[in-house]
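Peer 1: Please read through the structure below; I'll follow up with questions.
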Amino acid sequence: MTARPVTTLESVAAEAYPRIVATLIRVTGDWTLAEDCAQEALVSAVQRWPRDGVPGNPGGWLMTVARNRATDTLRRASVERRKLEELAALAETADPVIGEEDVVDDRLRLIFTCCHPALAPEARVALTLRTICGVPTADLARAFLVTESTMTRRLTRAKSKVSAARIPYRVPRGPALGERLPGVLSVLYLLFTQGYNADGEPAFAEEAIRLARLLRRLMPGQDEVAALLALFLLQRSRHAARRDADGDLLPLDRQDRSLWDREAIAEALAILTALEGADRPEDSRRLDAPDGRDRVAVCGPYELQARIAACHATAPSVAGTDWARIARCYDELARIRSTPVVELNRAVAHGYAHGPQAGLAVLAGARAGGELDGHPLALATEADLTGKLGDHDRAADLFRQAAAVAHTGAERSALLTRAADSAAEGR
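Taking my numbering, the leading residue of the sequence shown gets 43, the next gets one more, and so forth.
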């Protein structure tokens with residue numbers, strides 16, 4: 043044993059927990075047993091490491107303890123011999139070193155299982171946080187605004203669905219991988235959004251970044267995985283500048299850019315630069331500026347969003363942002379994945395790039411389907427563009443309307459501030 047601080051347990055647990063759960067699920071086929079044994083191993087570490095010191099291979103130590111717990115439980119239950127034999131075989135690699143190739147396969151299997159389309163979107167997020175990130179059920183309940191017993195039932199139903207629907211515990215191959223990967227990425231995107239929203243749980247955004255790093259390491263050839271990580275880093279880089287001294291949300295044009303995390307931005311830009319040199323499918327499209335200097339290779343929606351975020355991250359100010367490039371990126375994004383939020387951002391971008399009338403025209407087109415009726419962001423976008431045309435009283439009224447239907451207290455407060463500012467400009 044080496045004498046290292048027991049605070050190592052937190053970092054070791056974050057890395058080892060999903061490995062242990064994934065491996066034991068594969069061997070035993072019992073989701074709950076795998077989680078219980080992994081948790082018991084962590085409890086044992088908390089009890090023993092302060093006294094005995096941290097083992098030389100803490101992850102292997104935890105795997106060994108969890109494997110032994112699983113073996114004892116299955117023996118008492120008189121299960122089939124095959125599972126016990128597999129656990130016995132696991133003992134040969136679990137300590138001191140876990141086979142990396144097996145670990146990669148098991149962790150990918152677990153990620154794809156948690157994010158299977160047969161599960162409801164909220165269930166995918168909760169199951170991912172609980173199983174892969176090890177987030178306690180009580181913390182999940184608080185984040186989803188439900189009781190702990192309700193969250194426990196949700197997780198139990200999700201696991202039962204995995205079993206009842208015979209969801210395969212494997213990574214799809216060939217064309218099926220391309221079909222399923224977007225679903226996995228959408229779960230990570232939703233997870234990040236829940237953490238990055240005004241009233242979200244910040245730890246969820248950090249977990250999404252950690253999972254995106256893991257997925258990129260496990261699937262290095264997938265460009266959209268790398269692009270998603272870059273997008274998360276760029277969005278998260280503005281975290282320290284998003285609120286003022288009173289805790290109120292600040293729009294992009296009022297943020298102190300010196301507070302942005304330049305290290306995270308540099309990492310994201312390096313990822314995007316590497317993607318520019320990657321091999322592209324034959325049907326890849328390119329966005330070319332009129333002067334031919336601005337070329338953005340497009341392989342998917344997350345890369346487009348990351349490149350939009352990169353434009354903001356590298357600009358000296360809102361006025362100095364390359365809005366024409368952002369508008370073209372949003373045009374392409376709307377072509378391949380049109381959503382209300384994409385259309386609203388597209389209207390904003392065209393408003394900056396080509397004038398507020400152009401932005402209002404895009405917004406009117408987006409509203410034609412009726413999906414954005416009464417949407418707070420649609421009202422706020424119209425208010426912003428209207429104010430730029432000089433009708434500050436109308437803008438103030440629209441901001442107040444948006445605040446009345448805002449989804450969170452932080453958003454409501456920010457919109458009322460914008461309304462007051464617009465009203466002042468109209469006097």
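All C-beta atoms in this analysis are idealised placements derived from N, C-alpha and C, irrespective of residue type, glycine included.
(1) Would residue 204 pass as a contact of residue 73 if the rule is Cβ separation under 8 Å?
(2) If you follow the alpha helix (DSSP H) that residue 101 is part of, which residue opens it and which one closes it?
(3) By Cβ distance below 7 Å, which residues in the same chain neighbour residue 157 in space, the five residues on each side in sequence not counted?
(4) Answer yes if the region 299-315 comes into contact with the region 345-356, meaning at least three C-beta pairs across the two stretches below 8 Å, and no otherwise.
(5) Would you please state the rounded distance, in angstroms, between the beta carbons of residue 108 and residue 83? I believe it to be under 8 Å.
(6) Alpha carbon to alpha carbon, how far is residue 215 from residue 361? Give it in angstroms, no decimals.
(7) Could you compute how far the alpha carbon of residue 461 sits from the alpha carbon of residue 439?
(8) Sort 254, 385, 52, 431 by Cα distance to residue 412 and report the nearest one.
(9) Whose C-alpha, out of 303, 285, 249, is nearest the C-alpha of residue 497?
(10) Just grab the DSSP bridge partners of residue 291 for me.
(11) Identify whether residue 459 lies in helix, strand or coil by the three-state DSSP scheme.
(12) What's the gap between the Cα of residue 383 and the Cα of residue 162?
(13) Residue 60: buried (16+ other C-beta within 10 angstroms of its C-beta) or exposed?
(14) Taking C-beta to C-beta, are residue 270 and residue 306 nearer than 8 Å?
(15) Whole-angstrom Cβ separation of residue 64 and residue 182, contact assumed at under 8 Å?
(16) If you draw a straight line from the C-alpha of residue 345 to the C-alpha of residue 303, how long is it?
(17) Please look up how many angstroms separate the CB atoms of residue 437 and residue 457, rounded, as I've assumed it's under 8 Å.
(18) Under DSSP, the alpha helix (DSSP H) around residue 436 begins and ends at which residues?
(19) Exposed or buried, residue 356, counting other C-beta atoms within 10 Å across all chains shown (16 or more means buried)?
(20) Indicate whether the contact test is met: 3 or more Cβ pairs, each with one atom in the region 366-374 and one in the region 387-405, closer than 8 Å.
(21) According to the neighbour-count rule (16 or more other Cβ atoms, all chains shown, within 10 Å of its Cβ), is residue 176 buried or exposed?
(22) Tell me whether residue 234 sits in a helix, a strand or coil according to DSSP, three-state version.
(23) Checking 8 Å against the spacing of the C-beta atoms, do residue 62 and residue 104 come in under that value?
(24) CB residue 149 to CB residue 219, shorter than 8 Å?
(25) Using the Cα positions of residue 417 and residue 426, report the straight-line distance between them to the nearest angstrom.
Peer 2: Once the coordinates are examined:
(1) Counting from one through the sequence shown, the residue named residue 204 turns up at place 162. Counting from one through the sequence shown, the residue named residue 73 turns up at place 31. Result yes, Cβ atoms of residue 204 and residue 73 sit closer than 8 Å.
(2) As a working note, residue 101 is residue 59 in the sequence shown. For residue 101, the enclosing alpha helix (DSSP H) has its first and last residue at 100-118.
(3) Here residue 157 refers to the residue found at position 115 when the sequence shown is read from its first residue. Excluding sequence neighbours, residue 157 sits near 166, 170, 225, 226, 229.
(4) Between the region 345-356 and the region 299-315 there are three or more inter-stretch CB-CB distances shorter than 8 Å, so the stretches are counted as touching.
(5) For the purposes of this step, residue 108 is taken as the residue at position 66 of the sequence shown. For the purposes of this step, residue 83 is taken as the residue at position 41 of the sequence shown. Sure, about 4 Å apart at Cβ, within 8 Å.
(6) Against the sequence shown, residue 361 aligns to sequence position 319. Against the sequence shown, residue 215 aligns to sequence position 173. Rounded to the nearest angstrom, the two C-alpha atoms are 46 Å apart.
(7) Mapped onto the sequence shown, residue 461 falls at position 419. Mapped onto the sequence shown, residue 439 falls at position 397. Inter-residue distance for residue 461 and residue 439 is about 7 Å (C-alpha atoms, whole angstroms).
(8) Your numbering for residue 412 matches position 370 in the sequence shown. Of the listed residues, the one whose Cα sits closest to residue 412 is 385.
(9) The structure shown does not extend to residue 497, since the chain is modelled only from 43 through 469, so no value can be given for it.
(10) Start at 1 with the first residue of the sequence shown, and residue 291 comes out as number 249. 285, per the DSSP bridge assignment.
(11) Indexing the sequence shown from 1 puts residue 459 at position 417. Residue 459 falls in the helix class under three-state DSSP.
(12) Residue numbering aside, residue 383 sits at position 341 when the sequence shown is read from its first letter. Residue numbering aside, residue 162 sits at position 120 when the sequence shown is read from its first letter. Near 21 Å, if we compare the C-alpha coordinates of residue 162 and residue 383.
(13) Here the question's residue 60 lines up with position 18 in the sequence shown. Buried, because 16 or more other Cβ atoms sit within 10 Å of the Cβ of residue 60.
(14) By one-based count along the sequence shown, residue 270 stands at place 228. By one-based count along the sequence shown, residue 306 stands at place 264. Residue 270 places its beta carbon 8 Å or farther from that of residue 306.
(15) For the purposes of this step, residue 64 is taken as the residue at position 22 of the sequence shown. For the purposes of this step, residue 182 is taken as the residue at position 140 of the sequence shown. Contact doesn't hold; Cβ gap of about 19 Å is too wide.
(16) Stepping through the sequence shown from its first residue, residue 345 is reached at position 303. Stepping through the sequence shown from its first residue, residue 303 is reached at position 261. Spanning the alpha carbons of residue 345 and residue 303 requires a straight line of approximately 20 Å.
(17) Your numbering for residue 437 matches position 395 in the sequence shown. Your numbering for residue 457 matches position 415 in the sequence shown. 11 Å between Cβ atoms; not a contact.
(18) Looking up residue 436 in the sequence shown gives position 394. 434-446 is the span of the alpha helix (DSSP H), which, as asked, contains residue 436.
(19) As a working note, residue 356 is residue 314 in the sequence shown. Classification of residue 356: exposed, given that the 10 Å Cβ count is below 16.
(20) Contact between the region 366-374 and the region 387-405 is present: three or more C-beta pairs spanning the two stretches fall below 8 Å.
(21) By one-based count along the sequence shown, residue 176 stands at place 134. Per the 10 Å Cβ criterion, buried.
(22) In the sequence shown, the residue the question calls residue 234 occupies position 192. Residue 234 falls in the helix class under three-state DSSP.
(23) Along the sequence shown, one-based indexing puts residue 62 at 20. Along the sequence shown, one-based indexing puts residue 104 at 62. Yes, they are a contact pair.
(24) Here residue 149 refers to the residue found at position 107 when the sequence shown is read from its first residue. Here residue 219 refers to the residue found at position 177 when the sequence shown is read from its first residue. No, the Cβ-Cβ distance between residue 149 and residue 219 is not below 8 Å.
(25) The residue given as residue 417 occupies position 375 in the sequence shown. The residue given as residue 426 occupies position 384 in the sequence shown. Each residue's Cα considered, the two are about 14 Å apart.
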